[in-house]
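Here's the structure, in structure tokens; my notes come after.
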Amino acid sequence: MTSSHEALAHPASSAEAAPGNQPGAARGAHGRGTPPKGTASWRSRLYRWDMKASPYVLIAPFFVVFGAFSLVPLLYTAWYSLHHVQLSALDHQTWAGLGNYTNLLSSEFFWNALQNTFSIGVISTVPQLLAALWLAHLLNYRLRGSTAWRVVMLTPYATSVAAATLVFTLLYSWDGGMINWLLHFVGVDPVNWRESDWGSQFAVSSIVIWRWTGYNALIYLAAMQAIPSDLYESAALDGAGRRQQFRHVTVPMLRPTILFTVIVSTIGATQLFGEPLLFGGVSGSKGGSEHQYQTLGLYMYDQGWIIGNLGKASAIAWSMFLILVIVAVVNMLLSRRLRKSP
Amino acid sequence: MRTSTRRSHGPVAFAAVAALTTGLLAGCANDSDDGSPDATGGGGGKGRITLTVGTFGVFGYQQAGLYDEYMKLHPDIAIKENVTTRTDVYWPKVLTRLQAGSGTDDIQAIEVGNITEAVQTQAAKFVDLGKEADKSQWLDWKLAQATTKDGKTIGLGTDIGPMAVCYRKDLFRKAGLETDRTKLAEQWKGDWAKYVDLGKQYMKKAPKGTKFMDSAASVYNAAVGGASERYYDKDGNVVWDKSEGVKKAWDVAMTAATSDMSAKLKQFDPTWDQGFANGTFATIACPAWMIGYIEQKSGDSGKGKWDVAAAPTAANWGGSFLGVPTASRHQKEAIALAKWLTAPEQQAKVFAKQASFPSTPSAYPSLKPQADTTAYFSDAPLTQIFSDSAKTIPAQYLGPKDKPIDSAIADVGILQVEQKGKTPAQGWEAAAKEIKDVLGQ
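In order, the protein sequence lines correspond to chains P and Z.
Reading the first sequence from the start, the letters are residues 1 to 342 in full-length UniProt numbering.
Reading the second sequence from the start, the letters are residues 1 to 441 in full-length UniProt numbering.
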């Protein structure tokens, strides 16, 4: 918007904005002020063209890269999902229609993966965002060394998935892991974290929570600092304590930010992949012997790259995409309602 | 002011975009670069050819100094190895590159679990090495695995995994079992079930904190590795649920899984490594390549305590091939290097370094493990044990989905019984469902 506006305003503003000390600009302004026909109109057309085109040129790299590495693969995946394709015979495609999709709908592995994705998503996202909100609230007070605290919060986010998961896998290891060692002091029998149904999901979620809480807390913190302080002052004058201020001032003002983090976390949860894969170790794409923590992302990887049924894997990918679209629509409707109610 | 700076950005942006896009395109095209001398090549003039070798895990060529030796023999050749640690990451990548006809290395390693898929679906993408090398050098079954029905050999055999049993002498002694390797081999000769029976005996007097074996999947792999027919029959039909070899191996694994003799570890997990170091299991089914692994993971604490005995039945577990993709830009040189690397003399050198066992019998008489290794395993006659096994391994019929089927049985079926307390029948059913999914039925 700004750039096309600037383009229209070009001749006047350049004349104004270029007093003597800018020789190049001044000459340009002069040229435009007294139009000697031929060259000037050619020139001004060139300028106008430059003004109109250069914004597009500037944003083009994104779209070129997006087209080449996102859009084309996306459409190609859709094409694959309608065919029987093996990884070992990519050129040999036979039309399957919606066969891959109906296969998924009748596959218990798919429903299991969907359910796991949902349950891991819930038990990782909800505590994560609540904790982030609480941490941001604490950090919003005047603290000694607040920058240091903020940096500390962001360190898990800066850690690689692989490194974090490796450490967590050792912590959760059945035999000699630290968590089972601690549990033993409160008289709990060692838990086989990786193979138990709820234990494995809990363990995977804890990695996600550990990595992302600080990131979300910083986003909340930034939004909190944008809340005008007179709101708090007047709330304090009305006799609101800290807790009430948090409930009646902070949270309502943060609504758009909370919505944003919910959307981002939901997308992240739907695509959850690295943590469960590495947590599983060898043949981690199975997500446990009973697929107890196999997410949709893992199921897709297992089908496509380990087993080699690329057609089916593509169908899973598109199903994930459709699920995200549904989530986005629900989110949009929700946020519209939230915006209406003050 | 603002507009004048903006104006000057136009051409700059153009240039930037142009540079970016050409950079991207160039990046795509230049995937496997050649020509210029390379870091590992250690200098050299122009016109030097760089050959790339794509491998996974640890092939030991670099470690045994074979690349350096070859480069010394052929000053015009530089060699660069591209290693991917895990096969399950390596192989899909190779498959897509082979089919795209670009991005492959000049030599591409193929694991035995993938060789049938390569033979059946990618034969056209590999050079026929059968015409180039003396085929009689290799064990018949090894050569046959890499040869198509119409006689094209797409890969030259590197190592094989002849089977033995590695055991902790000290723990056996404490449990009151025989410790002599020949007598032990005699006790379980002919059947892995006898080995498991010995496990029951061990568990009666097991030293505290130890189990008889590392995992039930390990004995399954060892037992099934001795069967001619496992998941596919001679004609390529899927017969895993009817196969005698699978049934027998499964039963042995189930006895192991349900009688509390396994440490319930998952092979190649960090906890498995710790198990070696802490001595939590007394035996492990031990293909030749496991020797180096044990030595490394058990460390000093295991020195002189491990011993090696002949396995109940001859079996093969693991092994690889080297193929030359037709997309290689230096086929002639790549073929020569592949031939050299898989020649008996070089295989013997890799054995000396890391006990990867040669697939070329003529190398057997000259095999010499490192003195350290022999001492580590109580002076067991490693060469003899493994070459005896290697010579009697039966030919195996493999299929394109061998690996995922194997994983369905070991990582789903057996693991459910071993770690989740399911019954063997439930485990079998779960594996069956998984395999159905694998085969897209």
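Just so you know, even glycine gets a beta-carbon here, dropped at the ideal spot from N, CA and C.
This structure is a prediction, so every number in the text was calculated from the model and none was measured.
Exercise. Where does S54 (chain P) land, buried or exposed, given buried means 16+ other C-beta within 10 angstroms?
Worked result: buried
Exercise. Going along chain Z, which residues have a C-beta under 9 Å from I207 (chain P)?
Worked result: In chain order: nothing, as chain Z lies at least about 16 Å away.
Exercise. Closest Cβ-Cβ distance between T423 (chain Z) and chain P: below 9 Å?
Worked result: no
For this session: With F212 (chain Z) as the anchor, note down where its beta strand (DSSP E) starts and where it stops.
Result: K211 to M213
Exercise. Looking at the C-beta of P404 (chain Z), does it have a partner C-beta in chain P at a distance below 9 Å?
Worked result: yes
Problem set entry | Cutoff 9 Å: V282 (chain P) Cβ touching any chain Z Cβ | Answer yes: the Cβ-Cβ gap between V282 (chain P) and chain Z drops below 9 Å somewhere.
Exercise. Got a sec: which bits of the stretch 151-173 of chain P sit with their beta carbon under 9 Å from any beta carbon on chain Z, in order along the chain?
Worked result: Those residues of the stretch 151-173 of chain P that come within reach of chain Z (Cβ to Cβ, closer than 9 Å) are L166, T169, L170 and S173.
Exercise. Near P404 (chain Z), what residues of its chain come up, given a Cβ to Cβ distance below 7 Å and the 5 sequence neighbours on each side ignored?
Worked result: V438
For this session: Identify whether W49 (chain P) lies in helix, strand or coil by the three-state DSSP scheme.
Result: helix
For this session: Let me know if E275 (chain P) comes out buried or exposed under the rule of 16 or more other beta-carbons within 10 Å of its beta-carbon.
Result: buried
Exercise. Taking just the CA atoms, how far does S356 (chain Z) sit from Q303 (chain P)?
Worked result: Between Q303 (chain P) and S356 (chain Z), the C-alpha separation is close to 32 Å.
Exercise. Who pairs with P358 (chain Z) in a beta bridge, going by DSSP?
Worked result: Z:D159
For this session: Go through its chain and collect everything with a Cβ distance to G427 (chain Z)'s Cβ below 7 Å, but skip five positions before and after it.
Result: G413, I414, Q416 and V417
Exercise. Rounded to a whole number of angstroms, what is the C-alpha to C-alpha distance between T257 (chain P) and A222 (chain Z)?
Worked result: 57 Å
For this session: Report the neighbours of I312 (chain P) on chain Z: residues whose CB is nearer than 8 Å to its CB, in chain order.
Result: Note that residue 312 (chain P) is Lys in the sequence shown, not Ile. Residues of chain Z passing the Cβ test: G440.
Exercise. Going straight from the alpha carbon of V282 (chain P) to that of S362 (chain Z), what length do you get?
Worked result: Taking C-alpha positions only, V282 (chain P) is separated from S362 (chain Z) by approximately 35 Å.
For this session: Determine contact between the stretch 79-99 of chain Z and the stretch 49-65 of chain Z, defined as no fewer than three beta-carbon pairs at a distance below 8 Å.
Result: yes
Exercise. In terms of alpha-carbon separation, which member of Z:G157, Z:I110, Z:R230 and Z:D273 lies closest to Y293 (chain Z)?
Worked result: Z:D273
Exercise. Under the three-state reduction of DSSP, which class applies to Y231 (chain Z): helix, strand or coil?
Worked result: If DSSP states are grouped into helix, strand and coil, Y231 (chain Z) belongs with coil.
Exercise. Tell me which same chain residues have a C-beta within less than 8 Å of the C-beta of Q370 (chain Z), skipping the five on either side of it?
Worked result: A352 and K353
Exercise. From A148 (chain P) to L154 (chain P), what does the alpha carbon distance come to, in whole angstroms?
Worked result: 10 Å
For this session: Identify whether D191 (chain Z) lies in helix, strand or coil by the three-state DSSP scheme.
Result: coil
For this session: Excluding the 5 residues preceding and the 5 following K436 (chain Z) in the sequence, name in chain order all residues of the same chain whose CB lies nearer than 7 Å to its CB.
Result: none
For this session: Report the neighbours of K286 (chain P) on chain Z: residues whose CB is nearer than 7 Å to its CB, in chain order.
Result: Per Cβ cutoff of 7 Å: D411 and V412.
Problem set entry | Best match in P:K312, P:T270 and P:W318 for proximity to S119 (chain P) [C-alpha to C-alpha] | P:T270
Exercise. Does any C-beta atom of chain P lie closer than 9 Å to the C-beta of E111 (chain Z)?
Worked result: no
For this session: Would you check if there are 3 or more beta carbon pairs closer than 8 Å linking the stretch 96-103 of chain P to the stretch 282-302 of chain P?
Result: no
Exercise. Chain P partners of L95 (chain Z), CB-CB under 7 Å?
Worked result: L87 and S88
Problem set entry | Contacts of F268 (chain Z) in chain P (Cβ-Cβ under 7 Å) | V282
For this session: Would you please verify whether the beta carbon of P358 (chain Z) is less than 9 Å from any beta carbon of chain P?
Result: no
For this session: Between the Cα of K328 (chain Z) and those of Z:F126, Z:E69, Z:T87 and Z:Y61, spot the shortest distance and give me the residue it belongs to.
Result: Reading off the sequence shown, one finds Ser at residue 328 (chain Z), where the question assumed Lys. With distances taken between Cα atoms, S328 (chain Z) lies closest to Z:F126.
Exercise. Is there a Cβ from chain Z that is less than 9 Å from the Cβ of E275 (chain P)?
Worked result: no
Exercise. Since T52 (chain Z) is in the beta strand (DSSP E), which residue starts that stretch and which ends it?
Worked result: T52 (chain Z) -> beta strand (DSSP E) spans I49 to F56.
For this session: Give a yes or no on whether 9 Å exceeds the smallest Cβ distance from Q192 (chain P) to chain Z.
Result: It is worth fixing the name first, because residue 192 (chain P) is Asn in this sequence and not Gln. Yes, N192 (chain P) counts as interfacial toward chain Z.
Problem set entry | Neighbour list for N309 (chain P) in chain A, Cβ cutoff strictly below 7 Å | The structure shown has no chain A; the protein chains it does contain are P and Z.
Exercise. Who are the neighbours of E189 (chain P) on chain Z, taking C-beta pairs under 7 Å?
Worked result: According to the sequence shown, residue 189 (chain P) is Asp rather than Glu. Under the 7 Å cutoff, chain Z gives no residues; its nearest Cβ is about 14 Å from D189 (chain P).
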